[in-house]
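>
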Amino acid sequence: MRNKRAQSGFTLIELIAVMVILGILAAVIVPRISTLTSGAYESNVRSMFGVIKNEVNAQAVKAAMTGGASGHLETYPIVETATENHYLVEWIEEYEGDYWNQVNIDQHYANANHSTGAGTGDATNIDAIVFWYMPHGLRTGQTNSITAADGVSINVEDIYFIMYAPHTTAGGKAVGRNYDGFTLQAFKDVGTLGEWQGIATEERIIDLNWTTPN
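Counting with the working numbering, you get residues 53 to 266 for the letters of the sequence shown.
1. Look up Asn207 in the DSSP assignment and say whether it is helix, strand or coil.
2. Taking the alpha helix (DSSP H) that Val141 falls in, what are its first and last residues?
3. Just reading off the alpha helix (DSSP H) that Ala226 is part of, what are its end residues?
4. Can you grab the Cα-Cα spacing for the pair Pro129 / Leu245, in whole Å?
5. Should Tyr139 and Ala180 be called a contact, given that it needs their Cβ atoms to be closer than 8 Å?
6. Of the residues Gln237, Thr253, Ala92, which one's Cα is nearest the Cα of Ile214?
7. Helix, strand or coil for Val155, going by three-state DSSP, please let me know.
8. Check Glu126 in the structure and name its three-state DSSP category.
9. Between Ile258 and Glu94, what straight-line distance do the alpha-carbon atoms span, to the nearest angstrom?
10. Got a sec? Which residues, its chain only, sit under 6 Å from Trp262 by beta carbon, not counting five neighbours each side?
11. Quick check on Gly171: buried or exposed, where buried means 16 or more other Cβ atoms within 10 Å of its Cβ?
12. Label Met117 either buried or exposed according to how many other C-beta atoms from any shown protein chain fall within 10 Å of its C-beta, with 16 as the threshold for buried.
13. To the nearest angstrom, how far is it from the Cα of Ala123 to the Cα of Thr220?
14. Out of curiosity, what's the CA-to-CA distance linking Val113 and Glu142?
15. Round the Cβ separation of Val131 and Tyr185 to the nearest angstrom and send it over; I've been treating them as touching at under 8 Å.
16. Rounded to whole angstroms, what's the CA-CA distance from Val72 to Asn207? Just pull it up for me.
17. Find the nearest neighbour of Asn153 within the set Ala162, Leu67, Phe234, Glu136, judged by alpha-carbon distance.
18. Using CA atoms only, rank isn't needed, just tell me which of His188, Gly233, Gly75 is closest to Ala115.
19. Are there 16 or more other CB atoms within 10 angstroms of the CB of Leu67, so buried, or fewer, so exposed?
20. Skipping 5 residues on each side, what residues in its chain have a beta carbon closer than 6 Å to that of Ile65?
21. So for Glu94, helix, strand or coil by DSSP?
See below:
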């Protein structure tokens with residue numbers, strides 16, 4: 053009886069079968085990995101959204117308790133400084149400085165109920181705060197506006213924004229009271245510019261959209 057020779061290596065058919073299987077696995081797994089990472093980024097945005105919302109509510113309660121310019125009324129914080137990252141430092145106990153940045157944009161949020169003076173009722177654009185989340189590292193060269201000192205990444209993928217502005221409701225306007233509410237909205241960058249284009253342009257995250265009711 054002859055001994056069969058031990059097979060060394062794979063046949064061409066076996067190699068092709070392995071390649072087909074690997075191709076199928078890649079087609080199934082890679083998109084799921086991408087979905088998982090995108091979900092993780094959005095989860096971080098959701099967490100920050102909740103922290104900011106809690107903080108501005110706490111600031112309003114503090115204003116009501118201490119009085120001062122608010123006259124013992126709940127008044128939501130206005131944008132008082134143009135210093136970059138001021139509100140990240142003041143409002144967020146711990147944040148990832150390599151991935152988060154905050155800038156202020158003058159006269160950015162349209163609030164028709166806001167009064168520039170007693171009884172005027174003139175529509176006024178309110179200064180807003182925009183918090184940037186860049187999970188691949190802070191970018192340089194934005195116009196709205198991250199400076200070169202803030203990071204070196206040029207990646208424009210997966211960028212998110214959270215915009216805050218104090219808000220005057222119709223009820224507040226009726227009694228001559230400004231900033232009795234606020235708007236807080238989250239967005240994903242709609243294009244590849246990596247810059248904040250405004251609430252009418254960016255891709256809104258539907259359930260992260262709060263504006264104090266009238």
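Virtual Cβ for every residue (Gly too), placed ideally from N, Cα, C. Because the structure is a prediction, the values reported are computed rather than measured.
For this structure:
1. coil
2. 138-143
3. 222-226
4. 30 Å
5. no
6. Of Gln237, Thr253, Ala92, the residue nearest in Cα terms is Gln237.
7. strand
8. Here Glu126 carries a coil assignment [DSSP, helix/strand/coil].
9. 12 Å
10. Leu236
11. Note that Gly171 has pLDDT 44, beneath the 50 cutoff, so the model's placement of it is unreliable and the number below is only indicative. Flag for Gly171 reads exposed.
12. exposed
13. It should be noted that the sequence gives Gly, not Ala, for residue 123. Cα to Cα, Gly123 sits roughly 16 Å from Thr220.
14. 16 Å
15. By a beta-carbon distance limit of 8 Å, Val131 does not contact Tyr185. Their separation comes to about 19 Å.
16. Going by the C-alpha atoms only, they are around 33 Å apart.
17. Asn153 has its Cα closest to that of Glu136, out of Ala162, Leu67, Phe234, Glu136.
18. Gly233
19. exposed
20. Closer than 6 Å at the Cβ level, and outside the excluded window around Ile65, lies no residue.
21. helix
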